[in-house]
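Novice: Keeping their order, the protein sequence lines are chains A and B. Letter by letter, the first sequence follows residues 1 to 162 in the numbering used here. Letter by letter, the second sequence follows residues 163 to 536 in the numbering used here. Just so you know, even glycine gets a beta-carbon here, dropped at the ideal spot from N, CA and C. Since we're looking at a predicted model, the values are computed, not measured.
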Amino acid sequence: MTQQLSEFSIALRETLGKKLSLFPSSILGQELDMIMVRTNPFDIVNLCDFLKNDTELMFTYFASLTVVDYEQVDKTLEVVYHLISLTKRYKLTIKSSISSDNPTINSVTNIWRAADWFEREAHDLFGVFFEGHPNLKPLLLYEGFEGYPGRKSFPFHEYKEW
Amino acid sequence: MKLHQQVGYDPDSVDLMINMGPQHPSTHGVFRLVIWVDGEKIVKSEPHVGYLHRGSEKICESERYNQIVTLFDRLDYVGNLNNELAFCLAVEKLMDVTVPERSEYIRVILCELNRIASHMLFYGVYGLDAGAMTPMLYGFRERERVQDLFQRVTGARMMHNYIRIGGVKEDLPSDFNNRMVTLLEDLKRGVEECDQLLSGNEMFLARTKNIGILDAGDAIDYGVSGPALRASGILEDVRVTDPYSIYDRFDFGIPVGTNGDCWDRYYVRIEEMRESIKIIENAMKDMPNGETLAKVRRIARPPKGEVFVRTESPRGDLGVFVVSDGSDMPYRVKVRAPSFANLQALQLMLEGAYLADAVLILGSIDIIMGEVDR
C-alpha cells in the first residue's frame with residue numbers, strides 16, 4: 001500500500017489548515033498518509049464537537065480510541081482518536097498527551113455514543129479516567145483485578161495468576 | 163376479580179431480571195446479557211463481555227511481526243484471512259513494501275471466499291436461532307466446500323497463517339483452477355438453494371420483519387459498520403470508499419437495505435455472497451503469473467512510525483493501528499474490531515423489544531466474541 005496522501009487527505013489538510021485557527025493550541029501534522037491533529041487534553045471536547053458538526057468536515061463516525069503508553073519515555077500516556085467522515089471520505093487522527101501519574105481526560109461520549117466502550121476499555125487496561133463518562137465500570141477484566149495490564153510497567157512475563 | 167394483578171412486594175416495580183449467561187446456546191460465544199423485563203417487554207439490557215479476553219494486543223508487544231499473524235488469525239476466528247490481510251497491509255504500509263501482483267490477486271480471491279464462508283456460517287446459525295434446523299446443515303455444507311479448498315491451498319481449514327508480510331506464503335497448487343471452477347458452480351447453486359430455503363419462509367419473515375429496527379443516524383453514531391450499517395440504508399463499504407489492495411479494479415455492487423430490521427441485515431449478507439462470487443470470477447480471469455512474496459527480511463524491522471489501516475471484514479470495518487519504534491517487535495498494536503462497536507448498538511435495539519426477539523436481534527448483528535474481547 002502506498003504512503004502517499006490521497007486526494008481526500010490533501011483536501012482535508014487544506015480545509016483543516018484554515019479552520020484550525022479557531023483552536024490555537026492545536027497543531028496540524030501528518031503521519032504517513034493520515035492527517036494528524038495534536039491538541040491538549042482540555043480542548044478535546046470543543047475540538048471534537050466542532051469536527052462533528054462543521055458542515056465542511058462532518059466527522060460523524062468514530063472509528064477508534066487507543067491509548068499508547070509512553071510512561072517510560074516521558075511519563076505520559078497518549079490518547080489517539082481516529083475519526084472518519086463518511087460523506088466526505090476523510091480520515092483524521094487526533095492525539096493528546098496526558099500525564100501518567102494522574103491520567104484524566106474529558107469523555108467524548110456526549111458527542112459520539114460509540115466512544116462509550118472504547119473509553120471503558122482504556123480505563124480498564126490503562127487506568128485513564130474519563131470525566132463525564134456515564135458508566136466507567138470494568139469491561140474486559142474480571143472484578144477484583146488489580147493493576148493496569150495495558151501499561152508497559154505491568155509485570156507481563158512474571159505475572160502468575162495463581 | 164381483577165384480571166391483571168400486581169406481582170412482587172414493591173407495587174411500583176414489576177421488572178424481572180433475567181440472565182442470559184455466558185454459557186448459552188444462542189449467545190454466539192461466551193457473552194452474558196442481563197435483561198430486565200416487564201412482562202414480556204425488555205426494559206433495559208446490559209451486556210457483559212470479557213470472558214474471552216486473552217490479552218492479544220499485549221502479547222503482540224513481545225512477538226516479532228511475522229509471529230503476530232498467527233495471533234490475528236484467532237481474533238475473528240471465522241474470517242481469518244481478512245484479519246491477516248489487515249495486519250499485513252498495515253505493516254507493509256509502514257515498511258513501504260510493494261506486494262507482487264499475483265499475490266494481490268490471490269489475497270483478494272481467498273478473502274472473498276472467506277467472506278462467503280463466514281456469511282454461510284451466519285446463515286446456518288441464524289436459521290438455528292429462529293428455530294429452523296435445516297439451514298444449519300445447508301450452510302455448513304457450503305462452508306465445508308470452501309474450507310476444503312483452503313486446506314488444499316493454505317494447509318489448514320481454519321487458522322491459515324497464509325498471508326504474510328510482503329505477499330502470501332507460497333504459490334497456489336497446480337489444480338487450483340479446476341477446483342475453483344467446480345467450487346464456484348457449487349457455491350452459486352448453494353447460495354440460491356440457501357436463499358430459497360429460508361428467505362421467503364412465512365414463519366421466518368414473521369420473526370424477523372420489523373424486529374430490532376436500527377435507525378441510520380443512530381447506527382452511525384454508535385460506530386456500527388458492515389452489513390448492519392448497510393441494512394439501515396447507508397452506502398458505506400470500505401472496499402469502495404477507502405480502497406485497499408486491488409479492490410478498486412473490480413466492479414461489484416453493494417447491497418443496501420431499507421428498513422434496518424433483522425431481515426434486512428440477514429438479506430444484505432445473502433446478496434453480499436453473490437457479489438463476492440462475481441469478484442472471485444473476475445479475479446480468476448485477470449490473475450497474472452509471477453512471484454508471490456516480495457523480498458522482505460524474515461525479521462521485519464519497520465521504521466519508526468504509526469499507521470492506521472481500515473479493511474472490510476465480513477463483520478464490518480476492521481481497523482489495525484500499529485505503532486513501531488524501529489525494533490523487531492511493535493510498540494503498540496490496537497485492533498478496532500467491528501463486533502465491538504456493533505455490540506454497543508444492541509442495548510438500543512433491545513429497548514422495547516419482546517424477550518423472544520432478543521436472540522434474533524443479537525444473532526442478526528453477527529458478533530464473534532474473539533474480536534470483541536481480543
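1. Measuring only from the beta carbon, is residue 205(B) closer than 8 Å to any heavy atom that is part of the ligand MG?
2. Using DSSP bridges, identify the partner residues of residue 210(B).
3. Assign residue 472(B) to one of three DSSP states: helix, strand, or coil.
4. Any C-beta of chain A sitting closer than 9 Å to the C-beta of residue 322(B)?
5. Grab me the residues of residue 230(B)'s own chain with a C-beta within less than 6 Å of its C-beta, minus the 5 sequence neighbours each way, in chain order.
6. Nearest to residue 41(A) by alpha carbon, out of 135(A), 129(A), 149(A)?
7. Would you please verify whether the beta carbon of residue 97(A) is less than 9 Å from any beta carbon of chain B?
8. Indicate the three-state DSSP secondary structure (helix, strand or coil) for residue 82(A) in the structure shown.
9. Interface residues of chain A around residue 574(B) at Cβ under 7 Å?
10. Using beta carbons (cut-off 9 Å, strictly below), is residue 409(B) in contact with chain A?
11. If you run the structure through DSSP and keep just helix, strand and coil, what is residue 295(B)?
12. Note down the Cα distance separating residue 52(A) from residue 109(A), rounded to an integer number of angstroms.
13. Tell me the rounded alpha-carbon separation between residue 328(B) and residue 461(B).
14. Alpha carbon to alpha carbon, how far is residue 164(B) from residue 203(B)?
15. Strictly below 8 Å CB to CB, what residues from chain A border residue 382(B)?
16. Output the distance between the C-alpha atoms of residue 348(B) and residue 339(B), rounded to the nearest integer angstrom.
17. Residue 35(A) to residue 56(A), Cα distance in whole Å?
18. Drop a sphere of 10 angstroms on the beta-carbon of residue 367(B), count the other beta-carbons inside from all chains shown, and report buried for 16 or more, exposed for fewer.
19. For residue 185(B) and residue 213(B), I'd like the C-alpha separation in whole angstroms.
20. Going straight from the alpha carbon of residue 475(B) to that of residue 404(B), what length do you get?
21. By the three-class DSSP mapping on this structure, what secondary structure does residue 61(A) have?
22. Quick check on the DSSP output: what are the complete alpha helix (DSSP H) runs of length 4 or more inside the stretch 297-376 of chain B, in order along the chain?
23. Along the chain, where does the beta strand (DSSP E) that runs through residue 220(B) open and close?
24. Keeping to the same chain, check which residues put their C-beta closer than 6 Å to that of residue 509(B); ignore five residues upstream and five downstream.
25. Using only the alpha-carbon positions, how far apart do residue 151(A) and residue 359(B) sit?
26. If you draw a straight line from the C-alpha of residue 77(A) to the C-alpha of residue 101(A), how long is it?
27. Please classify residue 288(B) as buried or exposed, where buried requires at least 16 other C-beta atoms within 10 Å of its C-beta.
28. Whole angstroms is fine: what's the gap from residue 344(B)'s alpha carbon to residue 530(B)'s?
29. How would you write the range of the beta strand (DSSP E) that residue 32(A) sits in, first residue to last?
30. Does any C-beta atom of chain A lie closer than 9 Å to the C-beta of residue 454(B)?
31. Closest by CA to residue 497(B), which one among 533(B), 280(B), 454(B)?
32. Where does residue 270(B) fall in DSSP's three states?
33. Would you call residue 228(B) buried or exposed, if buried means 16 or more other Cβ atoms sit within 10 Å of its Cβ?
34. By alpha-carbon positions, which one of 107(A), 133(A), 70(A) ends up nearest to residue 49(A)?
35. What did DSSP end up calling residue 152(A) once you bin it into helix, strand or coil?
36. Shorter than 9 Å from the beta carbon of residue 134(A) to some beta carbon of chain B?
Specialist: Per the coordinate set shown:
1. This structure does not include the ligand MG; it has no bound ligands of any sort.
2. By one-based count along the second sequence, residue 210(B) stands at place 48. In the DSSP assignment, the residues bridged to residue 210(B) are 194(B).
3. Within the second sequence, residue 472(B) is the residue found at index 310, counting from 1. Here residue 472(B) sits in strand by DSSP.
4. Stepping through the second sequence from its first residue, residue 322(B) is reached at position 160. It does not; no Cβ of chain A falls within 9 Å.
5. Position 68 of the second sequence, counting from 1, holds the residue named residue 230(B). Setting aside the 5 residues that flank it on each side, residue 230(B) is surrounded in the same chain by 222, each with a C-beta closer than 6 Å to its C-beta; the list follows chain order.
6. Taking the first residue of the first sequence as position 1, residue 41(A) is located at position 41. Nearest option by C-alpha distance: 129(A).
7. Locating residue 97(A) in the first sequence gives position 97, where the first residue counts as 1. No, residue 97(A) does not count as interfacial toward chain B.
8. Counting from one through the first sequence, the residue named residue 82(A) turns up at place 82. Residue 82(A) falls in the strand class under three-state DSSP.
9. The first residue shown for chain B is 163 and the last is 536, placing residue 574(B) beyond what the model contains.
10. For the purposes of this step, residue 409(B) is taken as the residue at position 247 of the second sequence. Residue 409(B) does not count as touching chain A.
11. Taking the first residue of the second sequence as 1, we reach residue 295(B) at position 133. Assignment of residue 295(B) by DSSP, reduced to helix, strand and coil, places it in the coil class.
12. The residue given as residue 52(A) occupies position 52 in the first sequence. The residue given as residue 109(A) occupies position 109 in the first sequence. Roughly 13 Å between the two C-alpha positions.
13. In the second sequence, residue 328(B) corresponds to position 166, counting from 1. In the second sequence, residue 461(B) corresponds to position 299, counting from 1. Going from the Cα of residue 328(B) to the Cα of residue 461(B) covers about 12 Å.
14. Here residue 164(B) refers to the residue found at position 2 of the second sequence. Here residue 203(B) refers to the residue found at position 41 of the second sequence. For residue 164(B), the pLDDT reaches just 40, beneath the cut-off of 50, and the residue's location in the model is therefore unreliable, although a value from the coordinates is still provided. Distance between the alpha carbons of residue 164(B) and residue 203(B): 21 Å.
15. Against the second sequence, residue 382(B) aligns to sequence position 220. What residue 382(B) touches in chain A: 60, 61, 86.
16. In the second sequence, the residue the question calls residue 348(B) occupies position 186. In the second sequence, the residue the question calls residue 339(B) occupies position 177. Rounded to the nearest angstrom, the two C-alpha atoms are 14 Å apart.
17. Position 35 of the first sequence, counted from the first residue, corresponds to residue 35(A). Position 56 of the first sequence, counted from the first residue, corresponds to residue 56(A). Taking the straight line from one Cα to the other gives about 16 Å.
18. Here the question's residue 367(B) lines up with position 205 in the second sequence. So residue 367(B) ends up on the exposed side.
19. On the second sequence, residue 185(B) is found 23 positions in, with the first residue counted as 1. On the second sequence, residue 213(B) is found 51 positions in, with the first residue counted as 1. Taking the straight line joining both Cα atoms gives about 10 Å.
20. Working through the second sequence from its first residue, we reach residue 475(B) at position 313. Working through the second sequence from its first residue, we reach residue 404(B) at position 242. Looking at the two C-alpha atoms, the distance is approximately 13 Å.
21. Sequence index remark: in the first sequence, residue 61(A) carries index 61 (1-based). Correct three-state label for residue 61(A): strand.
22. At a cut-off of 4 residues, the continuous stretches assigned as alpha helix (DSSP H) that sit fully inside the stretch 297-376 of chain B are 338-360, 364-370.
23. For the purposes of this step, residue 220(B) is taken as residue 58 along the second sequence, with counting starting at 1. It is not in any beta strand (DSSP E) - residue 220(B) instead sits in the alpha helix (DSSP H) that spans 218-222.
24. Sequence index remark: in the second sequence, residue 509(B) carries index 347 (1-based). Residues 207 of the same chain have their beta carbon placed closer than 6 Å to that of residue 509(B), with the five preceding and five following residues left out of the count.
25. Working through the first sequence from its first residue, we reach residue 151(A) at position 151. Working through the second sequence from its first residue, we reach residue 359(B) at position 197. About 51 Å.
26. Here the question's residue 77(A) lines up with position 77 in the first sequence. Here the question's residue 101(A) lines up with position 101 in the first sequence. Straight-line Cα distance between these residues: approximately 9 Å.
27. Stepping through the second sequence from its first residue, residue 288(B) is reached at position 126. Buried, because 16 or more other Cβ atoms sit within 10 Å of the Cβ of residue 288(B).
28. Numbered from its first residue, the second sequence carries residue 344(B) at position 182. Numbered from its first residue, the second sequence carries residue 530(B) at position 368. Computed Cα separation, rounded: 30 Å.
29. Position 32 of the first sequence, counted from the first residue, corresponds to residue 32(A). Unbroken run through residue 32(A): none, as it is neither H nor E.
30. As a first step, residue 454(B) is located in the second sequence; it is residue number 292 there, counting from the start. Chain A contact via Cβ: absent.
31. Your numbering for residue 497(B) matches position 335 in the second sequence. For residue 497(B), the nearest C-alpha among the options comes from 533(B).
32. Position 108 of the second sequence holds residue 270(B). Helix at residue 270(B).
33. Residue 228(B) sits at position 66 when you count from the first residue of the second sequence. Flag for residue 228(B) reads buried.
34. Along the first sequence, read from residue 1 onward, the residue named residue 49(A) stands at position 49. It is 107(A).
35. Locating residue 152(A) in the first sequence gives position 152, counting from the first residue. Reduced to three states, the DSSP call for residue 152(A) is coil.
36. By one-based count along the first sequence, residue 134(A) stands at place 134. It does not; no Cβ of chain B falls within 9 Å.
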